[in-house]
Amino acid sequence: MKLNFKKSGSGEPLIILHGLFGSADNWFSIAKELEKDFTLYLVDQRNHGDSPQSADWNYEVMADDIKELMDGEGLEKANLMGHSMGGKTVMKFGFKYPEKVNKLIVADIAPRFYPVHHQRILEGLNAIPINELKSRKEADDILSTYIKIPGIRQFLLKSLGRNESGGFMWKINLPVITEKIDNVGEEIVSDKTFDKPTLFMGGENSDYITEQDKEDISKMFPNSHVIFIKNAGHWLHAEQPAAVVETVRAFLR
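Listed below in structure tokens is the structure:
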């Protein structure tokens with residue numbers, strides 16, 4: 223699948239993948255700093271943003287999408303960074319195509335299985351009558367009965383776009399994501415280790431990477447280390463962008 227991406231900057235290539243319900247736009251503030259040192263590829267993963275939609279949606283095909291992107295851009299190797307779902311995509315890519323990776327950065331996710339915890343979000347999004355929707359405020363009002371935190375609603379409604387006739391449409395493939403949400407939490411497994419330099423960058427206030435995870439990470443990624451960004455939760459790149467930029471630069475250099 224040919225993914226939509228935004229390319230900027232110059233230098234060694236760095237491919238950045240967003241998380242569930244997100245898009246390349248989530249990384250714009252980070253990109254403005256990192257593009258001074260790297261050629262950035264901010265990618266919309268399949269079923270998100272402006273990339274094509276498909277009924278096939280798992281880490282196997284998402285890793286293959288990145289391979290196709292790199293081949294299309296003539297990239298023999300690149301650094302890859304992914305947040306949450308995107309982190310699992312880059313892990314899968316690393317195990318499947320290790321020869322294509324220089325360094326790997328995984329933001330606030332571990333290889334283990336995660337139980338589904340997005341049911342309320344999906345209920346809220348599916349409650350919005352997309353074909354009859356009159357305004358973004360109407361969508362926000364409906365979503366507010368399911369999601370109380372305005373910042374989360376604002377993030378989710380970034381996936382609300384306009385169609386050719388002027389009506390509203392989802393830029394995410396909501397039916398497929400709803401049906402196959404279990405795939406997001408699936409464990410990343412391999413009968414081999416990934417030996418390239420790898421950074422697991424967690425949020426200090428997040429519980430996505432635990433002490434047990436650190437043991438498993440060291441076995442699967444023997445050339446890795448785990449650090450935690452202070453005063454940050456799961457959305458570490460939004461909460462502490464300067465610290466994330468500094469950490470990424472230091473690791474890749």
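Take 223 as the starting number for the sequence shown in this note's numbering and just add one per residue. For each residue, glycine too, the CB sits at the ideal point set by N, CA and C. Just so it is clear, the structure is predicted and the values come from calculations on it, not from any experiment.
Cβ of residue i versus every heavy atom of the ligand HEM: is any distance shorter than 8 Å?
i	result
Leu344	With respect to the ligand HEM, the structure offers nothing, as it holds no ligand at all.
Could you give the C-beta distance for residue i and residue j, rounded to a whole number, given that I count them as a contact under 8 Å?
i	j	result
Ala481	Gly271	Shown here, the chain extends from 223 to 475; a query on residue 481 therefore has no answer.
Ile449	Thr469	7 Å
Trp487	Ile352	Outside the displayed range of the chain (223 to 475) lies residue 487, so it cannot be described from this structure.
Under 6 Å Cβ to Cβ from residue i, same chain only, skipping five residues before and after it: list those, please.
i	result
Asp259	Gly233
Leu236	Phe260, Leu262, Asn301
Met223	Arg268, Pro274, Asp287
Ile238	Trp249, Leu264, Met303
Phe443	Phe416, Thr420
Gly316	Val323, Leu326, Phe416
Excluding the 5 residues flanking residue i on each side, which residues of the same chain have their C-beta closer than 7 Å to its C-beta?
i	result
Lys402	Trp279
So, using beta-carbon positions, are residue i and residue j closer together than 9 Å?
i	j	result
Asp330	Ser428	yes
Leu291	Tyr319	no
Leu458	Val466	yes
Ala349	Leu382	no
Considering only residues of the same chain and omitting the five flanking positions on each side of residue i, which have a CB-CB separation below 8 Å?
i	result
Phe250	Leu264
Phe335	Gly407, Glu408, Glu409
Pro337	Gly407
Can you tell which of the options has the C-alpha that lies nearest to the C-alpha of residue i?
i	options	result
Glu196	Arg384, Phe377, Ile327, Leu297	The requested residue 196 is not part of the displayed model; the chain covers only 223 to 475.
Pro372	Pro397, Ile343, Glu409	Ile343
Ser412	Thr400, Met313, Leu225	Met313
Ser357	Ser276, Glu298, Phe390	Phe390
Thr311	Asp266, Gln341, Leu297, His340	Asp266
Asp404	Met442, His340, Ile374, His456	His340
Ile394	Pro444, Leu347, Pro337	Leu347
Contact between the region 265-284 and the region 419-427 is defined here as three or more beta-carbon pairs at a separation below 8 Å; is this criterion met? Two segments are said to touch when three or more pairs of C-beta atoms, one from each, lie closer than 8 Å; by this definition the region 265-284 does not touch the region 419-427.
State whether the region 329-344 contacts the region 303-310, with contact taken as three or more CB pairs (one from each stretch) at a distance under 8 Å. yes
Pair every Cβ in the region 371-378 with every Cβ in the region 281-288, then say whether three or more of these pairs are closer than 8 Å. no
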